[in-house]
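Worksheet: the structure to be examined is printed underneath.
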Ligand SMILES: Nc1ncnc2c1ncn2[C@@H]1O[C@H](COP(=O)(O)OP(=O)(O)OP(=O)(O)O)[C@@H](O)[C@H]1O
Ligand SMILES: Nc1ncnc2c1ncn2[C@@H]1O[C@H](COP(=O)(O)OP(=O)(O)OP(=O)(O)O)[C@@H](O)[C@H]1O
Ligand SMILES: [Mg+2]
Ligand SMILES: [Mg+2]
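Protein chains in written order, with my numbering: chain W, 355 to 651; chain E, 4 to 512; chain X, 26 to 346; chain S, 26 to 346.
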């Protein structure tokens, strides 16, 4: 243990010719975040003059704050933050800015513009897209915007889940023919979505569409419906659209649609490199990356 | 028997028709008792007769199912220990109710009505309060010592000091001397006489007949939870009491025939641990070797060393000619040793398990085939043991927790007797056992010896050693002070050797 | 007969509570749209309920033994996740056969358990800390082995699909659990090992004095629990068609709750398998009926809290003196 | 003097382990790019470390008492979340003043604690189950009170901003903790109440026989822990500028780990506040140095597991006799 700790004891301050890029990730242990991290690694890997480091906030705002405080101590040349929570990270990012560190806010906004630029995606917008998609789908299926909907939500109290719900229902609320017959939380977990779907199926003779806040939960719902022989009557809709998950499920005809939650990584690297190379470069305050529906042809 | 006559002042305490029903067991079935101020009142009865239950009811530790209590002629209700405390009743519980991780002083001060403590603890006042009581009971330790670091006998003294310190009007001593040696008992009796002179009443529960006659004024006998009689101590004798307790005579005092042989089963040479030094002796097949000494002289330590429970710092053990050095109880058992520990509750029994499982715990191999237990064999073994030890338990399925102290002791003893080890170390095996059952246990010890086992016997009662042993090894502060023939030894000579001190003034009695 | 009833009063009382909760669930259940009967009582729903409960209940069998020895195992959730990942990796990445993958995953679980047991037996460190540490470390291991990604099985070849199809069947899962429950119950009731388990938890000091093979018992109970957690991981992978390194997060609390609701004392020595099975059924029925009625998620949590306390109170009356 | 040392050997040993871990952290720390000194030892970093550790450490003070009585409180994480939400609601939605909001949030925490204490004292149900139930139920309550949304404070008016600015200051948080630690330590060592706490866990039967006010003690320790969890929730809300109903998820395990790493026995009766403070520091240093060295998250989990066990082993040697 000691050997591990001392053995790799090379100074974190980088050699003079290397420049330090720190990415404060809010929680590594999610496939979406893993995909982000991997893409960052790939893109920054092409720049040997950069040392790229990922901090893991472990789904804890206080933890992420203190990690950014540590990052500031190291004076990186570029700081990228994927905030766990929009209110929580605002202050500390302001301090990074005050310390003269160019700071990119990634994918989730914060309450004050304490960043050099904000590369954004928007869960409410995604919810709206999904809502509209369901309206169209039901209209096509039943001749009008009418049908029974099951919603499987992400963890209660998590802003992403609240936003995906809110966006969708902004649209759905306009169509009284669409009834929510069952609403359950599965904490983002496929294993938990399955019994919830079993219960929904038992209690409801007719279900037209299942809206799950992420792809694994949608997939779990599908598996259960398939087992009961009712998958063909139901359209399953997920969110995230990762290449090896949601996108694949759509391609296989399991999900009717998923909505890409943009990784934002390519844009962040593009802007980041410009910031590093050109002291005078002034990025826009915000780059909005639109979500994209991935649907079954 | 005394019939209440003249309209004298009401007794300090009167209990009428006390009834206690545990689920399935009727521990007391309508007991009447009357305690006068300034008397020492013995409570006598077989194991399980209900003595402790009666005491616990008076102390508010368990509620009575029915019956009334009067103090000074006024009826009182005792539902919580606090009620009893307010009436000036204190008790030394048979299974010590102490707190091992608190200091001696904290144990004494806890909820002590005589010590007016505010919210804040004043440590100096606390220790000043405790010191006189510790001195009175003859306990030479710093009151800031953690209680759990004390010898069991010394813990018993703390419990007594605690009861004394509460300025109680009635103190219940429930086998408070079971782990004390002679001098400590003598000292305690001086204290009790002082209490008596001051008008304090004592209820004294003990199975030691000689103690009863030395200290008690009146004696109440219980049998099977029922009241038998109250007698004046001066007007009775041990045989009569035994008859009242058991319903028939018991032959006491018979020396068992010696089974000692000339073959050594165990040779101990220069055994040294943190508590004993250079202890050497030979134990023969069929021999009962007594270990005498004061509390803390290292008698139990020898057993623990043999059993791999105390680290051996020096010396050699030869068993049956081969050198052995067990490092764990398991290894010791494999080498043919057995140990009945002194503190049955902490070191001996699994309180929540059935009597049967406790008694069979050391012979599981014999009761099973390839690890699978044979219920028939289990039942047979447990029944045999219960009969041999005259165990009184509702059924072999009763939890040990609900047995009376003496029956718990028999269960533990049964565990090791069943295993039939070559060398059996008994650390005070009759602690808390009633007169009749004691005879049974002596008989069992003799049977083990007859089978060829070597027995080592520690006892807090010298008469017991003189009666059961072939030879007696006397220990003094961790060293051998003498090895005597039990037939010629006397209590006085043993005591002299045990106390003859290389370090005079070291009063660790 | 009366003696026998008295001796098993705890169990009888637990059964009564189970019956009560079952009846309540039936009464509160929404009606079936076809027959008008209570949905809850439909065979399909009852078997759903049993299958969902299986992984937690299975681990609870082992946990019962651990708790009986006076220990605790917080690492079961992580072990479950690790085994799920191993099974999925073996099938999907390394393209092993079903039997080899399953055996490996369960073995990995067993090894984690043995490691826990060895540390508990050899170090003087409370099991709570040992297994808390392995809960943390094993989760890290599971995530790093699969690069924080979920591993899909549906599209991972024939062996994987066959595995998923067999192992997620209701009769298979429920039967497996029933068999294991009987086995562990027999182990506890009828063997020397079972006696030692109880004795150790009842009085650890006395267990030393009685020369019990304490270390071996500890190794065995933690090892067995690890095996069962591994098996539960394999079942979860089969059921979800996925190896997810976050499977089983917080499951340790569910498992311990099931054991304690079944009447096993956390202080060791008292309790048994029958109680644990009942505890699992109570918890399963509870989740099922709340789901069927589609109670709002937050109210569900609050109701659940109340019912858990109530169920235990009803069972505990017996302990009153 | 020697006697005194012997009596406090546990503490001395814990301090030694803390010193060792501190030194190791200093040695392993990355260098400051300006001065070349270890980053870990910078005042700013050390105070960061203390502040991050504060909420868990604060709750651990109360948990120490609970565990000393032989109980456990699994609901602290949920109570923390509830208090954070209440404070944020009061400030942001109801626009109360800072003092009223803080007082209300802490009171709510205390009420949850009292409820736990009352149930533990009155029902014959293990504290594990009682507080597991309230852990579940209180989380549901927190989420439903804020409609599953996070409540921002930065933009919620002057009182909120002033609250956030004061309460998230390092000197304030660290000072508050230090004061509370001294207070609780004095309570435990220097008062009759503290003696009751230790006695109750040490020998519950004897506690009954001695006539201790057991119910009141239980009410008090759970109530105090609830208050402290409430306070920790307020601090978390201040620190994160947010009331998040999921704050404190899984914190109960962290808190218990801190207490046990500080040498308090889960079986009750043995341990104390000094140990808990040391335990919190060890855990805090560990997290800090792993973060500073930026060990990969999964390896971090595995390393952490190893170091936790090691730290406890080093401290436990003393227990061998
Ligand atoms: N908690 C309990 N539950 C059930 N039965 C009990 C309980 N405590 C005691 N008993 C039973 O009550 C009866 C009286 O026990 P008690 O302890 O008063 O006996 P005793 O006279 O003190 O015996 P001893 O001399 O062995 O100490 C016994 O039959 C015992 O088994
Ligand atoms: N005088 C003493 N003071 C404090 N602790 C003691 C003393 N003597 C023994 N102990 C401890 O008390 C415990 C009880 O052991 P035990 O009663 O068998 O002691 P022992 O030394 O063998 O005395 P005895 O001669 O009375 O058997 C042991 O752990 C021992 O270390
Ligand atoms: Mg008794
Ligand atoms: Mg001894």
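Glycine residues also receive a C-beta, built at the ideal position from the N, C-alpha and C atoms.
Any heavy atom of ligand 5 inside 7 angstroms of the beta-carbon of residue 97(E)? As presented, the structure is devoid of ligand 5, carrying ligand 1, ligand 2, ligand 3 and ligand 4 as its sole ligands.
Considering only residues of the stretch 419-497 of chain E, which uninterrupted alpha helix (DSSP H) runs meet the minimum length of 4 residues and lie entirely inside it, listed in chain order?
438-453, 465-471
Complete runs of the alpha helix (DSSP H) confined to the stretch 135-186 of chain S [at least 4 residues]
Listed in chain order, the alpha helix (DSSP H) elements of length 4 or more contained wholly in the stretch 135-186 of chain S are 152-170.
Item to check | Runs of beta strand (DSSP E) lying entirely within the stretch 37-100 of chain E, each at least 3 residues, in chain order | outcome: 43-47, 69-74, 77-79, 92-95
Looking at residue 141(X): is its Cβ nearer than 8 angstroms to the Cβ of residue 165(S)?
What you label residue 141(X) is simply residue 116 of the third chain in a count that begins at 1. What you label residue 165(S) is simply residue 140 of the fourth chain in a count that begins at 1. No, the pair does not count as a contact, with Cβ atoms beyond the cut-off.
According to the neighbour-count rule (16 or more other Cβ atoms, all chains shown, within 10 Å of its Cβ), is residue 170(E) buried or exposed?
For the purposes of this step, residue 170(E) is taken as the residue at position 167 of the second chain. With fewer than 16 Cβ atoms within 10 Å of its Cβ, residue 170(E) is classed as exposed.
By the 10 Å Cβ neighbour count, where 16 or more other Cβ atoms means buried, how is residue 104(X) classified, buried or exposed? Locating residue 104(X) in the third chain gives position 79, counting from the first residue. With 16 or more Cβ atoms within 10 Å of its Cβ, residue 104(X) is classed as buried.
**Prompt:** residue 503(W) and residue 535(W) look like a contact to me (Cβ under 8 angstroms); what is the Cβ gap, rounded to whole Å?
**Reply:** Counted from its first residue, the first chain places residue 503(W) at position 149. Counted from its first residue, the first chain places residue 535(W) at position 181. Yes, residue 503(W) and residue 535(W) are in contact; Cβ-Cβ is about 7 angstroms, under 8 angstroms.
With DSSP as the reference, identify every bridge partner of residue 591(W), one or two as the case may be. By 1-based counting over the first chain, the position of residue 591(W) is 237. DSSP, once it has assigned bridges, lists 565(W), 611(W) as partnering residue 591(W).
ask   = Got a sec? Which residues, its chain only, sit under 8 angstroms from residue 182(X) by beta carbon, not counting five neighbours each side?
value = Taking the first residue of the third chain as 1, we reach residue 182(X) at position 157. Excluding sequence neighbours, residue 182(X) sits near 116, 117, 120.
task: Between the Cα of residue 58(X) and those of 467(W), 411(W), 558(W), 528(W), spot the shortest distance and give me the residue it belongs to.
output: Position 33 of the third chain, counted from the first residue, corresponds to residue 58(X). 558(W) is the residue among 467(W), 411(W), 558(W), 528(W) whose C-alpha sits nearest the C-alpha of residue 58(X).
Checklist entry - Along chain S, which residues have their Cβ under 8 angstroms away from the Cβ of residue 630(W)? => result Counting from 1 along the first chain, the entry for residue 630(W) is found at position 276. Per Cβ cutoff of 8 angstroms: no residues; residue 630(W) is ~17 angstroms from chain S at best.
| residue 536(W) - DSSP class collapsed to helix/strand/coil | As a first step, residue 536(W) must be located in the first chain, where it is residue number 182. Three-state DSSP puts residue 536(W) in a strand.
**Asked** Listing by chain order, which chain E residues have their CB less than 8 angstroms from the CB of residue 237(S)?
**Response** In the fourth chain, counting from the first residue as 1, residue 237(S) sits at position 212. The answer, in chain order, is 113, 114.
| residue 197(X), DSSP secondary structure in three states | The sequence position of residue 197(X) within the third chain is 172, counting from 1. Residue 197(X): helix per DSSP, three-state reduction.
Practice task
Determine, using beta carbons only, whether residue 18(E) comes closer than 8 angstroms to chain A.
Solution key: Although the question refers to chain A, the structure presented lacks it and instead comprises the protein chains W, E, X and S.
- request: Could you tell me whether the Cβ atoms of residue 131(S) and residue 259(S) are closer together than 8 angstroms?
  value: Here residue 131(S) refers to the residue found at position 106 when the fourth chain is read from its first residue. Here residue 259(S) refers to the residue found at position 234 when the fourth chain is read from its first residue. With contacts defined by Cβ atoms closer than 8 angstroms, residue 131(S) and residue 259(S) form a contacting pair.
Is any heavy atom of ligand 3 found at a distance shorter than 7 angstroms from the C-beta of residue 272(S)? Taking the first residue of the fourth chain as 1, we reach residue 272(S) at position 247. No - ligand 3 has no heavy atom lying nearer than 7 angstroms to the Cβ of residue 272(S).
Quiz item: Pairing CB atoms from the stretch 172-187 of chain E with CB atoms from the stretch 121-139 of chain E, are three or more of them under 8 angstroms?
Solution: No, because fewer than three Cβ pairs between the stretch 172-187 of chain E and the stretch 121-139 of chain E fall closer than 8 angstroms, the two stretches do not touch.
For this session: Starting from the C-beta of residue 67(S), find all residues in its chain whose C-beta is less than 8 angstroms away, skip the five residues before and the five after it, and write them out in chain order.
Result: Indexing the fourth chain from 1 puts residue 67(S) at position 42. 57, listed in sequence order.
Residue burial classification, residue 289(X) (beta-carbon count within 10 angstroms, cutoff 16): For the purposes of this step, residue 289(X) is identified with residue 264 of the third chain, where counting begins at 1. In this structure residue 289(X) is buried. Its beta-carbon is surrounded by 16 or more other beta-carbon atoms within 10 angstroms.
Practice item. Count the other CB atoms, across all protein chains shown, that sit within 10 Å of the CB of residue 260(E); report buried if there are 16 or more and exposed otherwise. Key: For the purposes of this step, residue 260(E) is taken as the residue at position 257 of the second chain. The residue is exposed, with fewer than 16 neighbouring Cβ atoms inside 10 Å.
Original post:
Taking C-alpha atoms, which residue in 318(X), 85(X), 255(X), 228(X) lies nearest to residue 110(X)?
Top reply: The sequence position of residue 110(X) within the third chain is 85, counting from 1. The shortest Cα separation from residue 110(X) among 318(X), 85(X), 255(X), 228(X) belongs to 255(X).
**Study point:** Contact with chain W by residue 170(X), beta-carbon distance below 8 angstroms
**Key:** Walking along the third chain from the start, residue 170(X) turns up at place 145. Chain W, which has no Cβ nearer than 8 angstroms to the Cβ of residue 170(X), makes this no.
Which residues in chain X sit within 9 angstroms of residue 537(W), going by Cβ to Cβ distance? Translated into the one-based positions of the first chain, residue 537(W) becomes position 183. Going along chain X in sequence order, the residues near residue 537(W) (Cβ under 9 angstroms) are 319, 321, 322.
| field | Check whether residue 291(S) and residue 151(X) have beta carbons under 8 angstroms apart | value | Working through the fourth chain from its first residue, we reach residue 291(S) at position 266. Working through the third chain from its first residue, we reach residue 151(X) at position 126. Contact flag set, yes.
For residue 156(E), which residues from the same chain have a beta carbon less than 6 angstroms from its beta carbon, with the 5 sequence-adjacent residues on both sides left out? Numbered from its first residue, the second chain carries residue 156(E) at position 153. Correct list, in chain order: 182, 183, 298.
Exercise. Going along the chain, which residues of its own chain have a beta-carbon closer than 8 angstroms to the beta-carbon of residue 494(E), five neighbours each way excluded?
Worked result: What you label residue 494(E) is simply residue 491 of the second chain in a count that begins at 1. Hits under 8 angstroms: 185, 465, 466, 469.
- Message: Please list, in chain order, the chain E residues whose beta carbon lies closer than 7 angstroms to that of residue 295(S).
- Response: By one-based count along the fourth chain, residue 295(S) stands at place 270. Going along chain E in sequence order, the residues near residue 295(S) (Cβ under 7 angstroms) are 104.
If contact is defined by three or more beta carbon pairs under 8 angstroms, each pair taking one atom from either stretch, is the stretch 511-526 of chain W in contact with the stretch 465-485 of chain W? yes
| field | Check: residue 28(E) C-beta below 7 angstroms from any heavy atom of ligand 1 | value | Counting from one through the second chain, the residue named residue 28(E) turns up at place 25. Yes.
(request) Tell me, please, whether the stretch 195-212 of chain S touches the stretch 81-96 of chain E by the rule of three or more beta-carbon pairs shorter than 8 angstroms. (result) Because the criterion of three Cβ pairs below 8 angstroms is not met, the stretch 195-212 of chain S and the stretch 81-96 of chain E do not touch.
- For the beta strand (DSSP E) that residue 377(W) lies in, which residues bound it at each end? If you number the first chain from 1, residue 377(W) lands on position 23. Its beta strand (DSSP E) spans residues 373-379.
| Residue range of the unbroken beta strand (DSSP E) whose run includes residue 176(E) | The residue labelled residue 176(E) in the question sits at position 173 within the second chain. Looking at the DSSP string, the run of the beta strand (DSSP E) that includes residue 176(E) is 173-177.
Cβ closer than 7 angstroms: which chain S residues qualify as neighbours of residue 465(W)? Position 111 of the first chain, counted from the start, is the residue given in the question as residue 465(W). The contacting residues are 177, 179, 180.
Examine chain W for any beta-carbon lying closer than 8 angstroms to the beta-carbon of residue 344(X), and answer yes or no.
Counting from one through the third chain, the residue named residue 344(X) turns up at place 319. Model confidence at residue 344(X) stands at a pLDDT of 44, short of 50, so the residue's coordinates are unreliable; what they give is reported in the following sentence. It does not: the Cβ of residue 344(X) has no partner Cβ on chain W nearer than 8 angstroms.
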